[in-house]
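Enquirer:
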Amino acid sequence: MPMALKAAILPVTPFQQNCTLIWNDETMRGAVSDPGGDLGRIKAAAAELGVTIEKILLTHGHLDHAAAAGDLAKELGIPIEGPHEDDLFLIEALPDQAAKYGFGPVGSFRPDRWLKNGDTVEVAGLTLDVVHCPGHTPGHVVFFHEPSRLALVGDVLFQGSIGRTDFPRGDHGALVQSIRERLWPLGDDVTFVPGHGPLSTFGVERRTNPFVADENFA
Numbered sequence: 254m255p256m257a258l259k260a261a262i263l264p265v266t267p268f269q270q271n272c273t274l275i276w277n278d279e280t281m282r283g284a285v286s287d288p289g290g291d292l293g294r295i296k297a298a299a300a301e302l303g304v305t306i307e308k309i310l311l312t313h314g315h316l317d318h319a320a321a322a323g324d325l326a327k328e329l330g331i332p333i334e335g336p337h338e339d340d341l342f343l344i345e346a347l348p349d350q351a352a353k354y355g356f357g358p359v360g361s362f363r364p365d366r367w368l369k370n371g372d373t374v375e376v377a378g379l380t381l382d383v384v385h386c387p388g389h390t391p392g393h394v395v396f397f398h399e400p401s402r403l404a405l406v407g408d409v410l411f412q413g414s415i416g417r418t419d420f421p422r423g424d425h426g427a428l429v430q431s432i433r434e435r436l437w438p439l440g441d442d443v444t445f446v447p448g449h450g451p452l453s454t455f456g457v458e459r460r461t462n463p464f465v466a467d468e469n470f471a
């Protein structure tokens with residue numbers, strides 16, 4: 254039997270971004286995905302659950318997903334993995350973006366490991382597949398734990414919607430292609446945690462999502 258992956262969703266920042274704490278229920282060690290801010294809340298949740306954070310995962314470089322990653326990594330002495338290197342320009346701009354949107358000072362950083370399609374990341378003995386899904390940002394990645402049928406999709410896909418593509422280097426056509434060619438094949442039964450809002454499944458979105466439903470491409 255695969256080791257049990259557990260997850261807790263922690264909406265953070267004024268954008269109510271779904272930061273996700275994932276861990277191995279056997280070892281109580283894990284990672285935090287997309288710590289955009291509110292580090293006190295993230296650390297308190299981990300402490301309450303009894304989870305030791307040993308890694309940070311980033312789906313992409315936007316402020317609400319990545320702003321606190323550098324500070325958390327420095328404080329805990331842990332590595333940052335992701336996103337794809339095409340989001341470097343966004344990570345480099347985080348201090349300026351934080352000032353623009355009133356986030357307060359943001360520590361600059363570079364991920365310890367850039368990710369590409371087909372890579373894997375290890376979290377406390379659990380293996381997550383990396384799926385590069387450009388469109389919302391050019392370097393956006395998705396983390397997929399196949400045994401649990403769970404995907405952390407960031408701002409690629411939402412319940413009833415898809416990510417915005419009006420930001421710098423956004424590409425609507427690439428986003429739709431990423432969803433249909435790289436996410437749908439993972440299976441209709443996959444539950445996904447979006448960057449904002451409620452969970453859904455790939456199967457539900459294939460049937461009902463007005464942007465990427467199968468009927469739109471028949």
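Quick note on numbering: the sequence shown equals residues 254 to 471 in the working numbering.
Even glycine gets a Cβ: it sits at the ideal position worked out from N, Cα and C.
Keep in mind the model is a prediction, meaning the values are calculated, not measured.
Look at the Cβ atom of V383, then the Cβ atom of V394, and state whether they are nearer than 8 Å.
Expert: A contact, by the Cβ cut-off of 8 Å.
Enquirer: Quick one: residues in its chain with C-beta nearer than 7 Å to the C-beta of A352, no 5 flanking neighbours on either side, listed in chain order?
Expert: There are no such residues.
Enquirer: Straight-line CA distance for D317 to T461?
Expert: Between D317 and T461, the C-alpha separation is close to 27 Å.
Enquirer: Can you tell me which of the three DSSP states G283 falls into?
Expert: Three-state result, G283: strand.
Enquirer: For the alpha helix (DSSP H) that contains F455, what are its first and last residues?
Expert: Counting along the chain, the alpha helix (DSSP H) containing F455 begins and ends at F455 to T461.
Enquirer: For L302, I'd like the list of residues in its chain whose CB is within less than 6 Å of its CB, leaving aside the five on either flank, ordered along the chain.
Expert: Same-chain partners within the cutoff: there are none.
Enquirer: For I344 versus A326, is the C-beta distance shorter than 8 Å?
Expert: Going by C-beta atoms, I344 is not nearer than 8 Å to A326.
Enquirer: Does W437 come out as helix, strand or coil in the three-state DSSP assignment?
Expert: In the structure shown, W437 sits in a helix (DSSP, three-state: H, G or I).
Enquirer: In angstroms, rounded to a whole number, what distance separates the CA positions of Q270 and F470?
Expert: Their backbone Cα atoms lie some 30 Å apart in a straight line.
Enquirer: Can you tell which of A261, D424, E434 and P421 has its C-alpha closest to the C-alpha of N370?
Expert: Among A261, D424, E434 and P421, the Cα nearest to that of N370 belongs to E434.
Enquirer: Using a Cβ-Cβ cutoff of less than 7 Å, which residues in the same chain neighbour D365 once the five nearest sequence positions on both sides are dropped?
Expert: So the qualifying residues of the chain are P332, I333 and E334.
Enquirer: Once DSSP output is grouped into helix, strand and coil, what is the label at I331?
Expert: Residue state, collapsed to three classes: coil.
Enquirer: Determine whether the beta carbon atoms of P391 and D339 lie at a separation below 8 Å.
Expert: Yes, they are a contact pair.
Enquirer: Applying the criterion that 16 or more other CB atoms from any shown protein chain within 10 Å of the CB defines a buried residue, is S431 buried or exposed?
Expert: Buried is the call here.
Enquirer: Going by DSSP, name the residue or residues bridged to Q269.
Expert: Looking at the DSSP assignment, Q269 forms no beta bridge with any residue, so it has no partner.
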